[in-house]
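Working notes, beginning with the structure itself.
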Amino acid sequence: MTLKQILIPYVPPKMTFSDLQENRKLYSDEMLALIKNNFLVNGRYRYLNQQKLPFAVVVQDGEYFAIYKGKKLQLGDGGYGHVKLEQNLMTGEWGAIKVQPVTSENKVKRIRNEIESLQKMQKLVLSNNHPIEFNRESPSHQIMQNYFLMQLAPGMDLFDFTKTKHQWPPIIYINIILNILREIKRVHQNKYLHRDIKLENILFDLAIDQLSLIDFGFICRMNLKRYGVDHEWCGTDGYVASELIKTNDKLHKNKNYIFNEKTEIFSLGVTFGFLLGYISESSDEEIKYIENKNLNNMSSMHFKEQDFHQEIYSFIKTMTDERSSVRPSISKAIDFFEKIKKQLNNASRMLEIGLINFQELIDLMENHQGDLSEFIKSLKKYDRVCLVDQELNVNTMSYMKWKNKLESHKIVVAPTLYYGAPADQILKEIPEVTKGDKSGNLYHYSRILPLAYIKPDPTPPSIFGFFSRFLPGLSVAKDTDEPMSEAEQDHSPAFFY
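Residue numbers (our numbering): 610 to 1106.
Written as structure tokens, this is what we have:
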């Protein structure tokens, strides 16, 4: 039989699930009708204080949006302004609204560059093919503020990813690196330079292997010679190329800063060095170059069981060479890591996917709280869990709720739910269904059976026997030699760009 499947709608981790109404929106259809009858003015917030809700409503060109208030629910905050979570009340889609003070002509120019570049790369929320954007006075009425809506990118930033204790297979890191390189190449193909490449500006969603480049606040256009000139400093200390640091010296204070592909490559090299464990955190204000370390003593290196770490380390050293002429191009970097990926295909371990019967999960969480903490702990040894439901009638809101609960415990949950067949049958058939995966990962599936469904054993269970048992797993090989198309590289549904 063909397995039935449903995509569980995305719920941003920043929001409280109980805020959602039955229509999966922050306002019910009845309340939205009342809001429309209030004749809101374009670009002006309407705070419905009588309801004491954590979000306001704004209308722009006939589109209604609920926007979360307060710093606690901001997606990002910095010198540029801040980013807030929003939902389109007409479609239910989630997005982000970026709020920036308009303090100078140069600031206006940067905002325009950011909006134009995001539109070119299809990362803006549009109305009639135009960006949804408006300006209004700040609450203090001292300066103007610019607002524009962006798609929401799921996942955690790579800085947080490097802090996770989970041991991911090496192929995950290589896929991340290749997707970063392709994203930057796409920026360059559109005649722009990002100029602030770093761990915090790259998001990776472990549930769907999706990578998103964010924060285009420093982006600039390339000229005909394929470089950008700016009289202001751009970038983040530690990631900035050595030639830009020299330009920043007092002796060169009247010179312009020259940005190009080689300055981006340097930032990429530092980013990869942090990601792979070649660079550790430092108390120094600037980390200009990759530190020289004994390759055999890299306890944090994710390729310690492979023969590739020497080769990868040497290549990243070249990417961060003080001499820009020595650094490789983006295309050569892609070729290098594609070669590493092919070598890894046969050596890399499979991703462990645990299947959870949805009805058993609800029963466990509602009726067996004593077993819950150990069960949650057990799930964290899987790379990803997948919900399955033997019922034919789907309950999307319930799926969203329980997926959100698992994710609140830092469990990676796949967005696809399979249903309409017993869990054991789904376990047997799911490998065939998932053969079309674009990531090239290898998967091993196991069914997770909570303690509540295991017959009592008179002897005390071991820590693993306590929470689960497994049916024989199945493995699926993926064809990984085929390069990604431009369409596959477009990471649309999106935390903030």
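Positions of the beta carbon are idealized from the N, C-alpha and C atoms, including for glycine.
Is residue i helix, strand or coil by DSSP?
i: residue 1015; result: helix
i: residue 937; result: coil
i: residue 959; result: coil
i: residue 805; result: coil
i: residue 624; result: coil
i: residue 818; result: coil
i: residue 865; result: coil
i: residue 923; result: helix
i: residue 837; result: strand
i: residue 762; result: coil
i: residue 652; result: coil
i: residue 894; result: Reliability fails at residue 894, whose pLDDT of 40 lies under 50, so the model's placement of it is uncertain and the value that follows must be treated cautiously. Coil at residue 894, not helix or strand.
i: residue 770; result: helix
i: residue 831; result: coil
i: residue 1007; result: helix
i: residue 1061; result: Because the pLDDT at residue 1061 is just 47, under 50, the model does not fix this residue reliably, and the value given afterwards should be weighed accordingly. Reduced to three states, the DSSP call for residue 1061 is helix.
i: residue 993; result: strand
i: residue 689; result: coil
i: residue 999; result: coil
i: residue 906; result: Any reading at residue 906 must be qualified, since the residue scores a pLDDT of 38, below 50, and its modelled position is unreliable; the value itself is stated next. Looking at residue 906 - three-state DSSP - the assignment turns out to be helix.
i: residue 945; result: helix
Just mark residue i as buried or exposed, buried being the case when its beta carbon has 16 or more other beta carbons within 10 Å.
i: residue 775; result: exposed
i: residue 997; result: buried
i: residue 634; result: buried
i: residue 671; result: exposed
i: residue 726; result: buried
i: residue 766; result: buried
i: residue 700; result: exposed
i: residue 784; result: buried
i: residue 1043; result: buried
i: residue 715; result: exposed
i: residue 642; result: exposed
i: residue 880; result: buried
i: residue 986; result: exposed
i: residue 760; result: buried
i: residue 1001; result: exposed
i: residue 648; result: exposed
i: residue 616; result: exposed
i: residue 918; result: buried
i: residue 638; result: exposed
i: residue 621; result: buried
i: residue 1013; result: buried
i: residue 945; result: buried
i: residue 849; result: buried
i: residue 738; result: exposed
Between which residues of its own chain and residue i is the CB-CB distance below 8 Å, once the five residues before and five after are set aside?
i: residue 832; result: 838
i: residue 753; result: 710, 711, 744, 745, 746, 747
i: residue 736; result: 669, 670, 671, 672
i: residue 935; result: 927
i: residue 925; result: 878, 881, 882, 885, 887, 899
i: residue 943; result: 787, 790, 791, 794
Quick one: residues in its chain with C-beta nearer than 6 Å to the C-beta of residue i, no 5 flanking neighbours on either side, listed in chain order?
i: residue 656; result: 665
i: residue 755; result: 709, 711, 720, 744
i: residue 993; result: 962, 1021, 1023
i: residue 614; result: 1025, 1027
i: residue 815; result: 1021
i: residue 931; result: 851
Once you ignore the five residues that flank residue i on each side, which residues in its own chain have a CB closer than 7 Å to its CB?
i: residue 729; result: 799
i: residue 623; result: 682, 684, 694
i: residue 830; result: 722, 800, 801, 837
i: residue 740; result: 724, 728, 733, 757
i: residue 804; result: 827, 828, 829, 843, 844, 868
i: residue 697; result: 672, 674, 704
i: residue 690; result: 707, 708, 709, 710
Measuring only the C-alpha atoms, how far is residue i from residue j?
i: residue 982; j: residue 1020; result: 13 Å
i: residue 679; j: residue 628; result: 15 Å
i: residue 1054; j: residue 780; result: 18 Å
i: residue 652; j: residue 673; result: 10 Å
i: residue 1034; j: residue 999; result: 9 Å
i: residue 964; j: residue 950; result: 28 Å
i: residue 852; j: residue 796; result: 22 Å
i: residue 1017; j: residue 742; result: 33 Å
i: residue 883; j: residue 789; result: 14 Å
i: residue 1004; j: residue 1010; result: 10 Å
i: residue 1037; j: residue 645; result: 50 Å
i: residue 818; j: residue 991; result: 15 Å
i: residue 612; j: residue 1031; result: 11 Å
contact_flag[the region 654-674, the region 721-728] where n(CB pairs < 8 Å) is 3 or more: no
Count the CB pairs spanning the region 806-816 and the region 762-775 that are closer than 8 Å, and state whether there are at least three. yes
On the three-pair Cβ rule with 8 Å, is the region 927-940 touching the region 868-876? yes
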